[in-house]
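220 is the number that the working numbering gives the last residue of the sequence shown; the numbers go up by one with no jumps.
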Amino acid sequence: MDASPRSSTHETQQPPAATTDDACYRLIAQIILKETESGRDNKGHVFGLQVFQASSFISLKEKLWSFVFDYVQPLAHYTGLPKVWSIQTTPPSIADFDTYVSFKLNKQVIPTEDKLKKRLLKNKNETLSVLIYKWGLNIRSTSDLMEFRKACIDPVSVDRAGAADEQQQQEIVEQLRAYWGEHYEALDATWRM
């Protein structure tokens, strides 16, 4: 039994012999959380280096998704021109991986999964930039982000302090009660918090 402290790497619980196998995937990732696709990488939230290791590419994607999942929001999408923004009603899943995550090496996007697999097998000690898009790849520019926030995130009307007005707060409280009312009981003031 190993008495050393647990590291921050995301490795499989296999014996060391499995890590020397040629089919082992290892990803050293500089993870960057971004709100827009076209924004500079240094404008996003940069995490410390993370190491992901697995015996298959699918397992590697699952480990990366388990890290990413806490930072993504339901997928933003639009229809028509001018763009009419909306938010996907279902929570993000690993099936949406490619709409939330992209990979870069030296500022060059790695376009396909096959090229990424080859790169990971060939150069196991290379650091890749892993770009996570908070609402997905559909928000391409700052103007898209502003339109999306105005349509889906920001309150329709606000009071002088910038908070949602009374009517909007009541609507939100009623939605919460309708959804959680069977599982949660509270005073009116508690629902408003």
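The beta carbon of each residue, even a glycine, is placed where N, CA and C say it ideally should be. These figures come from a predicted structure and were not determined experimentally.
Using the Cα positions of residue i and residue j, report the straight-line distance between them to the nearest angstrom.
| i | j | result |
| --- | --- | --- |
| Tyr105 | Gln77 | 33 Å |
| Cys51 | Lys151 | 9 Å |
| Ser82 | Arg146 | 15 Å |
| Phe74 | Ala56 | 9 Å |
| Ala216 | Gln202 | 15 Å |
| Arg143 | Gly107 | Checking the sequence, you will find Leu at residue 143 rather than Arg. When rounded, the distance between both Cα atoms is 33 Å. |
| Gln115 | Cys179 | 11 Å |
| Phe96 | Ala213 | 30 Å |
| Met173 | Lys110 | 12 Å |
| Lys177 | Pro101 | 16 Å |
| Gly208 | Tyr160 | 33 Å |
Residue j and residue i - do their beta-carbons sit closer together than 7 Å?
| i | j | result |
| --- | --- | --- |
| Lys226 | Leu158 | Residue 226 is absent from the structure shown; the chain starts at 28 and stops at 220. |
| Ile121 | Trp162 | no |
| Leu164 | Thr126 | yes |
| Ile166 | Ala103 | yes |
Assuming residue i and residue j make a contact with CB atoms under 8 Å, what is their CB distance in whole Å?
| i | j | result |
| --- | --- | --- |
| Val136 | Pro119 | Contact flag wrong, Cβ pair sits at about 21 Å. |
| Gln196 | Arg219 | 6 Å |
| Asp181 | Thr63 | Going by Cβ atoms, the distance from Asp181 to Thr63 rounds to 17 Å, so no, they are not a contact pair. |
| Ser156 | Ile59 | 6 Å |
| Lys88 | Phe124 | 6 Å |
Start-end ranges of the alpha helix (DSSP H) lying completely within the region 95-165, minimum 4 residues:
124-127, 140-149
Every unbroken alpha helix (DSSP H) within the region 60-89, with a cutoff of 4 residues, ordered by chain:
none
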